[in-house]
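Numbering-wise (our numbering), the sequence shown opens with residue -16 and increments by one. Glycine included, every Cβ here is placed at the ideal spot set by N, Cα and C.
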Amino acid sequence: MNLIEAISHPLFAKLRVTSARLGVRSYVIGGYVRDYLLGRECKDIDIVVEGRGIDLAKAFADDIGSDGFSFFENFGTAMVMYDDLQVEFVGARKESYRRESRKPIVEEGTLQDDQIRRDFTINAMSISLNDADYGELGDPFDGLGDLKAGIIRTPTDPDVTFSDDPLRMMRAIRFATQLDFYIEDKTYKSIAKNKDRIGIVSQERITEELNKILMAAVPSKGFRHLFDTGVLHLIFPDFVKLHGVDIIDGRGHKDNFYHTLQVVDNVCLLTDDLWLRWAAVLHDIAKPATKRYYPKQGWTFHGHEDLGAKWVPRIFRDLRLPQDGKMRFVQNLVKLHLRPIVLAQEIVTDSAVRRLMFEAGEDID
């Protein structure tokens, strides 16, 4: 299958010339190929080189006169800016991992070696930039078929894929959420099986994936997957505590976990503001700690909004989220989230409105 239209941008023709001059074979790989086939825009272009990626990147930067060049010798990668496009170069490689670390042992390899170490079949497709087969799709694991069927699947044994790089478990759930895809059964079971491996991943990387899930059109899909596989219990236990319904004397309360997911999805229909979405996630976070049962009243959660607001700085700290005005914005919304309910009732005083406007300040909207 030829995808020459996918590489019609001038940078690819220039890369073809530079690669030929250096005598190396180069390919576009991963997200750019996937997004082109999905009809999605992608400004991050990954180039894999059978040889030293840094050498090709340097030569390419010289050929186009770009001063937006940086390289990372330890990782064998380089980045070149071309107009508003970010082009990242890496040498084709084999990787193996120590069990206690996400840092791989790297050896030079072929395109096929590089493709088999990729996370998912839909991210292992390549397009040739070489004279002999320019524009040809390389798809050894039927990523195109999985793309058409809407399936997330690993190129090789998922136990190996996830044990080697546990962040891929969250990436599987993130892609399934963003693209509204189905995670293939063996891959899904492997996430649950290997979930404890997430402990070797840095909090920053975990939170980056959480934020991407939260920025999807329907984040609840991702959070349900995280919950059902047990990953959420390890990375966000405060949220998991919302799950469940206690019943006394035949009286229960709503499941605050699924209620919160519905609130998040509702908010996402109205805004793509990440911090408003975090406010939705955390608005009832202290309900488990304030839950009480009284025979006359039933279940109560008095003061959960105030306690939840006090918890926000700690939760943001734990998740390595910013400790600046964004955190204070979320904290304020959690604290005040019950107040508009009163204003929606028929009888409301001017002083109540003024009081809310004063306490909300710039967050009144």
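Query, Result
"With E191 as the anchor, note down where its alpha helix (DSSP H) starts and where it stops.", "186 to 197"
"Taking all protein chains shown into account, decide if H287 is buried (16 or more other Cβ within 10 angstroms of its Cβ) or exposed.", "buried"
"Within the same chain, show all residues whose beta-carbon is closer than 7 angstroms to that of S111, passing over the 5 residues directly before and after it, in chain order.", "Y10, Y117, G118, E119, G121"
"Assuming T139 and K178 are in contact, meaning their beta carbons sit under 8 angstroms apart, how far apart are those beta carbons, in whole angstroms?", "Contact flag wrong, Cβ pair sits at about 19 angstroms."
"Mapping the DSSP letters down to three states, classify I105 as helix, strand or coil.", "helix"
"Rounded to whole angstroms, how far is the Cβ of T160 from the Cβ of P202, which I believe are closer than 8 angstroms?", "7 angstroms"
"Between D114, I181, I135, which lies nearest to D147 when the distance is taken from Cα to Cα?", "I181"
"Along the chain, where does the beta strand (DSSP E) containing Y19 start, and where does it finish?", "Taken as a continuous stretch (DSSP letters only), Y19 belongs to no beta strand (DSSP E), being part of the alpha helix (DSSP H) at 14 to 21."
"DSSP three-state call for S146: helix, strand or coil?", "helix"
"In the DSSP assignment, find the unbroken alpha helix (DSSP H) run with A175 in it and report its ends.", "168 to 177"
"Could you check how far apart the C-beta atoms of T137 and R303 are, in whole angstroms? I think they sit under 8 angstroms.", "Contact doesn't hold; Cβ gap of about 27 angstroms is too wide."
"Would you mind working out which of I174, D66, E56 sits nearest G48, comparing C-alpha positions?", "D66"
"Which residues bound the alpha helix (DSSP H) around A263?", "257 to 265"
"For P271 and S173, I'd like the C-alpha separation in whole angstroms.", "31 angstroms"
"With distance defined between alpha-carbon atoms, name the residue in C25, D142, A61, L257 nearest to I37.", "A61"
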